[in-house]
DNA sequence: CGTAGTGTCTATAGCGACTATAGAGTCAAC
DNA sequence: GTTGACTCTATAGTCGCTATAGACACTACG
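Chains as they are written, first to last, in the numbering used here: chain A, 1100 to 1260; chain B, 1100 to 1260.
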């Protein structure tokens, strides 16, 4: 018994609009329709959507998922590249963690820079104004500025809600 | 001696278009102009832009930076809320780190799921198809799905390049 | 039978912080 | 005078959704 889009949304934990969006983006095939033009999904659609959501949870972007789906549909070559994809994501995640940990030490330095309750000469503002965030940031290879650069890749592999 | 926009970009490490964007967004005041309508920046603009970039590096979004700048320009109230802002960012960053570390364990499980070199029955694809990513994700409070939710806030405080 | 409430449809615009592109003007050096 | 680097404005694109508007479909209740 086929599902309407709302039921599929409930089962997959994503929103109705997101399902339609995946269809528009070519990740889900155009489903059958009722006489009233309502979308009808079958078991293979349910599985495909779950696959997509799992991939998103693993930080993959839609282009990568499209590739994986194409391979699933027509596994013509070796899957070695999938290993590489996963390795790449692990490396990405490690880089993000390192950057965030560094960022955290910076923020903690900031936190102790001001006692609060001041109308002027707030130590935090001073620090944001003049201080280099920490000694390591004096040189070119500050992890915090690396963090900036890393976010492009990061942005592309983001899951929201 | 005032700077043209390209020189300011070099000094601040951000791009020309980004500077114009900050002006459009009201973070930088409209600068003076040459007869040829080129923007001219003075020392206080340089400082202000550095302040903005440092804040961005600390993961603050443009709305927060606008608030900080307004306070810097007219420090009429206590700066206690700045401490709160920093605390909030630390908590955010901690949440992001936890989510990413969890994501990493998931990806590492995936990595060992397939030896590669297969045309069919790739273990990684199987795992993405059917497996729940890890035992902890069987219940409702999986950190990985928390990761999904956290990214809204995260997205708002992102620095790219 | 009407109607209220929910679900679905399409199309379009908005989010955040930029980034890219087009087409035109400016300036310095050769 | 012409090449190349720089600047200007205005507009559209990025990513993965999310929100909105206006219309149609379906079900339950009186």
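For every residue, glycine included, the Cβ atom is placed at its ideal position computed from N, Cα and C.
Nothing here was measured: the structure is a model prediction, and the numbers come from that model.
Please confirm if residue i has its CB atom under 7 angstroms from at least one CB of chain A.
i	result
residue 1172 of chain B	no
residue 1194 of chain B	no
residue 1206 of chain B	yes
residue 1239 of chain B	Reliability fails at residue 1239 of chain B, whose pLDDT of 43 lies under 50, so the model's placement of it is uncertain and no value is given.
residue 1107 of chain B	no
residue 1147 of chain B	no
residue 1198 of chain B	no
Answer yes or no: does any C-beta atom of chain B fall closer than 7 angstroms to that of residue i?
i	result
residue 1225 of chain A	no
residue 1153 of chain A	yes
residue 1202 of chain A	yes
residue 1102 of chain A	no
Between residue i and residue j, which are expected to be in contact by the criterion C-beta below 8 angstroms, what is the C-beta distance as a whole number of angstroms?
i	j	result
residue 1228 of chain A	residue 1146 of chain B	7 angstroms
residue 1126 of chain A	residue 1164 of chain A	6 angstroms
residue 1195 of chain B	residue 1199 of chain A	6 angstroms
residue 1261 of chain B	residue 1183 of chain A	No statement about residue 1261 of chain B is possible, as the shown extent of chain B runs from 1100 to 1260 and does not include it.
residue 1112 of chain B	residue 1153 of chain B	Not really, about 11 angstroms apart at Cβ, beyond 8 angstroms.
residue 1049 of chain A	residue 1102 of chain A	Since the first residue shown for chain A is 1100 and the last is 1260, residue 1049 of chain A is missing from the structure and cannot be characterised.
residue 1105 of chain B	residue 1116 of chain B	Actually they do not touch by this definition, with Cβ atoms about 11 angstroms apart.
When you compare the segment 1173-1192 of chain B with the segment 1154-1163 of chain B, are there three or more beta-carbon pairs, one atom per stretch, that lie closer than 8 angstroms?
Contact holds: three or more Cβ-Cβ distances are below 8 angstroms.
Using a beta-carbon distance cut-off of less than 8 angstroms, what residues from the segment 1156-1190 of chain B approach chain A?
Per Cβ criterion, the list reads 1156, 1157, 1158, 1167, 1170, 1171, 1174, 1175, 1176, 1177, 1178, 1179, 1181, 1182, 1185, 1186, 1188 and 1189.
Between the segment 1175-1182 of chain B and the segment 1140-1151 of chain B, do three or more beta carbon pairs fall short of 8 angstroms?
Cβ pair count under 8 angstroms is below three, so no.
At what residue ranges does the segment 1177-1220 of chain A contain a whole run of the beta strand (DSSP E), taking only runs of 3 or more?
For the beta strand (DSSP E) assignment, the segment 1177-1220 of chain A encloses no uninterrupted run of at least 3 residues.
Proximal residues, the segment 1109-1143 of chain B versus chain A, C-beta separation under 7 angstroms
Cβ contacts with chain A: none found.
Segments of 4+ residues assigned as alpha helix (DSSP H) that fall wholly inside the segment 1115-1171 of chain B
List check, alpha helix (DSSP H) in window: 1115-1123 and 1142-1156.
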